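Residue numbers (my numbering): 3 to 156.
C-beta: ideal position from N, C-alpha, C; glycine also.
Since the model is a prediction, treat every value here as computed from it, not as a measurement.
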């Protein structure tokens with residue numbers, strides 16, 4: 003395989019990394035989705051975080067007088083959900099990419115057993131994290147997510 007890797011035209015490789023930034027905005031620019039908080043493919047919550055982040059950011063821009071206050075409210079509303087979504091155990095990537103024969107056999111055995119429908123149904127409940135999302139609805143559609151009176155929406 004190593005010899006073939008050097009001679010083939012279609013070999014691709016990418017490192018799996020997670021970069022965490024402390025601030026999702028600077029000046030008039032705000033990041034959302036993977037650009038702000040990529041949770042790695044192992045988390046299985048990237049799309050949910052991206053859509054929720056876009057919705058919350060749009061709401062905060064509409065309901066705040068300045069971008070600075072909108073971005074601060076956006077960060078406050080999203081921080082908990084993002085941190086929970088980024089909470090992939092550090093051993094997770096190592097378990098999914100074993101280096102030795104024993105690790106590979108354990109991974110193959112685990113994948114084989116989890117492919118059974120009876121195991122899939124029970125493990126889905128056990129393995130799905132309970133992540134608390136920001137309040138995206140309420141009695142009043144114009145009520146801001148950060149639970150303050152919105153100066154623009156009234």
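Query                                                                                                                                                    : Result
From this set, 116, 27, 4 and 134, which residue's C-alpha is nearest residue 69's C-alpha?                                                              : 27
On the three-pair Cβ rule with 8 Å, is the region 58 to 66 touching the region 95 to 104?                                                                : no
My output table needs one value for residue 31: the three-state DSSP class, helix, strand or coil.                                                       : strand
Please give me, in chain order, every unbroken run of the alpha helix (DSSP H) with length at least 4 that falls completely inside the region 67 to 111. : 69 to 87 and 94 to 98
Between which two residues does the alpha helix (DSSP H) holding residue 62 run?                                                                         : 48 to 65
Assuming residue 88 and residue 24 make a contact with CB atoms under 8 Å, what is their CB distance in whole Å?                                         : Not confirmed; about 13 Å, so no contact.
Measuring CA to CA, which of 8, 32 and 42 is closest to residue 22?                                                                                      : 42
Which same chain residues end up closer than 7 Å to residue 82 when comparing Cβ atoms and leaving out the 5 residues on each side of it in sequence?    : 134
Could you check what DSSP says for residue 39 in three-state terms: helix, strand or coil?                                                               : helix
Along the chain, where does the alpha helix (DSSP H) that runs through residue 12 open and close?                                                        : Neither: residue 12 is in no alpha helix (DSSP H) and is coded neither H nor E.
Would you mind sorting residue 38 into buried or exposed? The rule is 16 or more other CB atoms within 10 Å of its CB.                                   : buried
Are the CB atoms of residue 45 and residue 34 within a distance shorter than 8 Å?                                                                        : no
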